[in-house]
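The structure under discussion appears below in the form of structure tokens.
Numbering (the numbering used here), first residue to last: 150 to 775.
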């Protein structure tokens, strides 16, 4: 009888249940106050209360202050038999420099689902970089009455994940230069004594050193039995300084660090080389955090990171440098997603923040996987891909879904009237400058002409076989006729539905129709497929993305790019997915070309690899990673 009762309890615990969630009341004001005023006017629930409401156990959270908590990965083991919820991706049309409100739509949608339709839902967002936060673009907490709160906590530091990435990245950069210095100034014997010191009269290899010996084909475990030739191969990585691809990082837009010289102190004995700082979120470690499926997977990926080539042209990895364990220890807390809440008290995971133009632009696989278990079979997890669908969404499908094995149910494609007017031939939009009258007065012709970009992004979504709902993010300057025209054209172009949204001014109530459309679309037949096979050659995969997604006539590789492709293919990295690094302001490589450019040749200036993250990234035109 006890066994039967226990089994019944276990079955009940695995079944879908609606959360007993106390939503926070919103009283929207008109005119809408500033984002920071709205955020500060709402008192968030204590995060331990929220955690309990959504089914987290006390020992599954680590609380940071009153409003943030890390969630432990042990939860995935506890809920492994629970069916996943529906998986929704929010993408967008090609944006203006002001952004088109994908984060706001993501938050508005989950507020509508949970606070107004009583459906379990989770938002999964990226952590913002301090670069854009202190720049013109600002933070990424959403806006108006569709925000993550507290806004300052979300936009600044959070739980220190980006700082952990910075520390791990720069530890590896320091290890590279230190290793080159020591190899340049010491004999094989001196290096061996430092790498394998005598401790209490005993000399022994560490596990990471034994692994390196095996990779070198040296099957010995006693340090005293290595020949002089074997010692030399073991201690010398022989890094070619001209091939170092691993840069130092800082999470600030500090333009004077884009090109620097290192090694000028006398102690560095004349080992001077040119280097640079990238922005912290461009680090491969950030991409690894976003794509890892467990702590062990993250550690393995960290070890595989290629930082340079040796003088024979073979790849040198973090594992070769012996720092994999140190990097994993620095990242041990960063791998846990951070739980926060929306203005209406619904749950949000904030985790990882790779840029979408120079990385894959999506929040973490782990946050999505945990959220899908927590919402249950009838719930929804809404995540966001950076920039337009041609960039963030393409990478979500071809890179993130391959890493996670998850299949999306619906794509929500965000558009704004002002962005469509820009694509229809409207004047340039400059961040920080007042909008021209074309954007603030009714102009149906500009809107109609600009809908070509929306139609193209709908077609891109359809390449992957997933239903698409268009969310028109309404601004006060949009006329009813403009809104109706966009929705009509979107439906005629193959969207499952097109819905005007007012969540910015009304909170979740303003996105209820969108939530209902998404719920219906999630029940449609889904024939999800990847765009290309991994077995294809690197150049062919790049060509497929350029032609089918961007609309290019063809691609053109520079001699340097072709040389890198040949090198990566020879090194055995040819079967990785592609992560295109290109401007987000146009479907082409030229930011000023709006709408749907045609007949262009896409120039590939360089090709690089993030082997730990698991992708090849071609640089398109003049795009920069700093």
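All C-beta atoms, glycine included, are put in the ideal place defined by N, C-alpha and C.
This one's a predicted model, so the numbers in the text were calculated from it and none came from an experiment.
Per DSSP, which residues does residue 291 bridge with? Please list them.
Paired residues: 296.
Taking a contact to mean a Cβ-Cβ separation below 9 Å, would you say residue 314 touches residue 480 in this structure?
Cβ distance < 9 Å, so residue 314 and residue 480 count as in contact.
Pick helix, strand or coil for residue 642, following the three-state DSSP scheme.
DSSP places residue 642 in coil when its eight states are reduced to three.
Between the beta-carbon of residue 564 and the beta-carbon of residue 622, is there less than 9 Å?
A contact, by the Cβ cut-off of 9 Å.
Going along the chain, which unbroken runs of the alpha helix (DSSP H) with 4 or more residues stay wholly within the stretch 469–553?
Those alpha helix (DSSP H) runs which fall completely within the stretch 469–553 and span 4+ residues are 473–479, 514–524 and 550–553.
Which of the three DSSP states, helix, strand or coil, is assigned to residue 273?
Here residue 273 sits in strand by DSSP.
Residue 241 by DSSP, collapsed to three states: which one?
It is a strand residue.
Comparing alpha-carbon positions, which option in 695, 214, 183 and 151 lies nearest residue 194?
The shortest C-alpha separation from residue 194 is found at 214.
Give the DSSP-derived three-state secondary structure of residue 201 in the structure shown.
Three-state result, residue 201: helix.
Should residue 709 and residue 754 be called a contact, given that it needs their Cβ atoms to be closer than 9 Å?
The answer is yes: Cβ separation under 9 Å.
Is it right to say residue 683 is buried, meaning 16 or more other beta carbons lie within 10 angstroms of its own, or is it exposed?
Its Cβ having fewer than 16 others within 10 Å, residue 683 is exposed.
Would you report the Cα separation of residue 459 and residue 716, rounded to the nearest angstrom?
When rounded, the distance between both Cα atoms is 13 Å.
Going straight from the alpha carbon of residue 365 to that of residue 383, what length do you get?
In a straight line, the C-alpha of residue 365 is about 8 Å away from that of residue 383.
Would you call the stretch 742–753 in contact with the stretch 246–261, where contact means no fewer than 3 C-beta pairs closer than 8 Å?
The stretch 742–753 is not in contact with the stretch 246–261.
Using DSSP bridges, identify the partner residues of residue 621.
According to DSSP, residue 621 bridges with 564 and 649.
Alpha carbon to alpha carbon, how far is residue 772 from residue 699?
Approximately 16 Å between the Cα atoms of the pair.
Helix, strand or coil, according to DSSP, for residue 155 in the structure here?
If DSSP states are grouped into helix, strand and coil, residue 155 belongs with the helices.
Could you tell me the distance, in whole angstroms, from the CA atom of residue 553 to the CA atom of residue 628?
Their backbone Cα atoms lie some 42 Å apart in a straight line.
From the DSSP output, read off the bridge partner residues of residue 751.
DSSP lists 704 as partners of residue 751.
Do residue 438 and residue 513 have their beta-carbon atoms positioned less than 9 Å apart in this structure?
Yes, the Cβ-Cβ distance between residue 513 and residue 438 is below 9 Å.
Select from 668, 166, 244 and 432 the residue whose C-alpha is nearest the C-alpha of residue 740.
Minimum Cα distance to residue 740 is reached at 244.
Nearest to residue 381 by CA position, among 351, 471, 412 and 337, is which residue?
Measuring from the Cα of residue 381, the nearest candidate turns out to be 337.
Three-state secondary structure (DSSP) at residue 367?
Residue 367: coil per DSSP, three-state reduction.
Are the CB atoms of residue 472 and residue 465 within a distance shorter than 9 Å?
No; because the gap between Cβ atoms is not below 9 Å, this pair is not in contact.
Would you give the residue range spanned by the beta strand (DSSP E) that residue 458 belongs to?
It spans 455–458 - the beta strand (DSSP E) in which residue 458 sits, taken as one unbroken run.
Which whole-angstrom value describes the C-beta separation of residue 619 and residue 655, a residue pair presumed to lie in contact below a C-beta threshold of 8 Å?
Actually they are not in contact, since the Cβ atoms of residue 619 and residue 655 sit about 19 Å apart, beyond 8 Å.
In terms of residues, what are the limits of the alpha helix (DSSP H) holding residue 764?
First-last for residue 764: 764–769, but that is the beta strand (DSSP E), not the alpha helix (DSSP H).
Go ahead and pull the three-state DSSP assignment for residue 221.
In this structure, residue 221 counts as coil in the three-state DSSP scheme.
By Cβ distance below 6 Å, which residues in the same chain neighbour residue 233 in space, the five residues on each side in sequence not counted?
521.
Under 8 Å, with one C-beta from each stretch per pair, do the stretch 416–435 and the stretch 326–335 reach the 3-pair mark?
Cβ pair count under 8 Å is three or more, so yes.
Quick one: what's got a C-beta closer than 6 Å to residue 640's C-beta in the same chain, skipping five residues either side?
Within the same chain, residue 640 has close Cβ partners 647.
Count the other C-beta atoms from every protein chain shown that fall within 10 angstroms of the C-beta of residue 433, then say buried if there are 16 or more, exposed otherwise.
That one is buried.
Alpha carbon to alpha carbon, how far is residue 385 from residue 542? Give it in angstroms, no decimals.
Those two C-alpha atoms are separated by around 43 Å.
Using the C-alpha atoms, what's the distance from residue 670 back to residue 676?
If you take the alpha carbons of residue 676 and residue 670, they lie about 13 Å apart.
Given residue 352, which residues of its chain have a CB within under 8 Å of its CB, disregarding the five upstream and five downstream residues?
345, 346, 372 and 373.
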